[in-house]
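Structure, as structure tokens:
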Ligand SMILES: Cc1ncc(COP(=O)(O)O)c(C=O)c1O
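Numbering (our numbering), first residue to last: 12 to 417.
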């Protein structure tokens, strides 16, 4: 509910027209072309609700137009096959499938790993799979989730994890069939899981013979932040999915990768869920551009995110705080004193433009809980957008502080 409201999901749908003409939002990188716009804003919109808002680049659109295609359910789409081959090389996995969304990728992974009825998986209590996938593991897969408390850095205590593993479960207990980790961690503010923690986790999971799935929706951001090849991150992880449609800018699609046997099973599950797509080379073509040309530029998003964070920190506000050390990728959490100002008031004012405002911009952000606002950057957010956002934040923060002093 909070997610919905704070995301400002509009009632009704935005149609394809923006400013009276079809906006492809690709070339100018100006805020008004961002997806939120209803076409009626008088001032620029800087939409930092999510990197899912990013639109395909012109190169992606060109590639999609020209993509050779076939029927991917028959395994005959050459562009999908090429994308999978490249992704497998990049991540060091045997095989993969293209699916419509990260949610479906995670669900398929869960259904394959937890095939035995009465299965349980272990994941963080702030993980996307637990919080934001509509209880899919229970609703659709019949799998119970055992939660371990997420720490601020996106990890969890491995001793606590161990205590949740059912060793030789008797007939009263479910069987532990899977451990899920999330990298980067969304609710924890785009945090990158430390490699040493992952190494320790996988050595424990191996000793219990329990597979590990990584919800790597933003794993490329993690690799860029760590400055390591992405295959290093997943070297001991059994299965991984990542989104083409977030910071990488593609319009649709996630890839799920793992062993050949895992992918054979995953392909069956995908069909059952209605995720078998036909000429999906059209989507894969954008994915290929994403892998070739969008990973290298993610650092720009990270730097711009940090620039906003530093500016907020420089305001030295009592009400709105950032933890500079924790800004690692393209997600920025601004923590607010929820007793004195609500997130919805803050978000509303960021969007609102008043006549007297010195900086006139509609700034969009979102929240995942009651004491923080989330800002996410992506390729269309330019340096100019960042400066506008900082200007607006400065104005709004000061306004709230002045109001509370009265
Ligand atoms: C960490 C994480 N996992 C999975 C997903 C789900 O991806 P999708 O929206 O493509 O279903 C998201 C979406 O924001 C996410 O942040």
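Beta carbons: idealized from backbone N, C-alpha and C, even for Gly.
What do you reckon, are the CB atoms on residue 78 and residue 293 nearer than 8 angstroms?
yes
With 16 other CB atoms within 10 Å as the buried threshold, where does residue 62 fall?
buried
For residue 182 and residue 344, the rounded distance between their alpha carbons:
44 angstroms
Chain-order list of residues whose beta-carbon lies under 6 angstroms from that of residue 91 (same chain, five-residue window excluded):
83, 109, 291, 292, 295
Candidates 298, 227, 238: closest to residue 269 by CA position:
227
Separation of residue 267 from residue 319, as counted between CA atoms:
33 angstroms
When the Cβ atoms of the region 206–225 are set against those of the region 353–367, are three or more pairs found closer than 8 angstroms?
no
In the structure shown, what three-state DSSP assignment does residue 134 receive?
strand
For the beta strand (DSSP E) that contains residue 106, what are its first and last residues?
106–110
So does residue 295 have its beta carbon nearer than 7 angstroms to some heavy atom of ligand 1?
no
In this structure, does DSSP put residue 103 in helix, strand or coil?
coil
For residue 190, which three-state DSSP category applies?
strand
By DSSP, does residue 90 sit in helix, in strand, or in coil?
helix
Spatial distance of residue 253 from residue 363 (CA atoms)
34 angstroms
Identify every run of the alpha helix (DSSP H) within the region 201–237, keeping only runs that are complete inside it and at least 4 residues long; order them along the chain.
206–219, 230–237
Would DSSP call residue 316 helix, strand or coil?
helix
List the endpoints of the continuous beta strand (DSSP E) containing residue 266.
265–269
CA nearest to the CA of residue 205, picked from 230, 189, 271
230
Does ligand 1 have a heavy atom nearer than 7 angstroms to the CB of residue 183?
no
Is residue 254 near ligand 1, in the sense that its beta carbon is under 7 angstroms from a heavy atom of that ligand?
yes
Please say whether residue 152 and residue 118 have beta carbons closer to each other than 8 angstroms?
yes
For my contact list, residue 242 and residue 101 are in at a C-beta cut-off of 8 angstroms; report their separation, rounded to the angstrom.
7 angstroms
Cut-off 6 angstroms between Cβ atoms - residues of its own chain near residue 20, not counting five sequence neighbours on either side:
Unreliable positioning characterises residue 20 in this predicted model, as indicated by a pLDDT of 40, which lies under 50. The coordinate reading is nonetheless provided below. The answer is none, since no qualifying residue turns up.
Taking the Cβ atom as the reference point for each residue, do residue 185 and residue 105 lie within a distance shorter than 8 angstroms?
no
May I ask you to report which of helix, strand or coil DSSP gives residue 345?
strand
Are there 16 or more other CB atoms within 10 angstroms of the CB of residue 42, so buried, or fewer, so exposed?
Because the pLDDT at residue 42 is just 33, under 50, the model does not fix this residue reliably, and the value given afterwards should be weighed accordingly. Buried.
Going by other Cβ atoms of all chains shown within 10 Å of its Cβ, with 16 needed for buried, is residue 67 buried or exposed?
buried
Cβ of residue 405 within 8 angstroms of Cβ of residue 361?
no
Any idea if residue 339 is buried or exposed, counting beta-carbon neighbours within 10 angstroms, 16 or more meaning buried?
buried
Rounded to the nearest angstrom, how far is the Cβ of residue 298 from that of residue 255, given a contact under 8 angstroms?
4 angstroms
Cβ neighbour criterion (16 or more within 10 Å) applied to residue 278:
buried
Spatial neighbours of residue 144 in its chain, beta-carbon cut-off 6 angstroms, leaving aside the 5 residues before and after:
114
If you draw a straight line from the alpha carbon of residue 289 to that of residue 368, how long is it in whole angstroms?
51 angstroms
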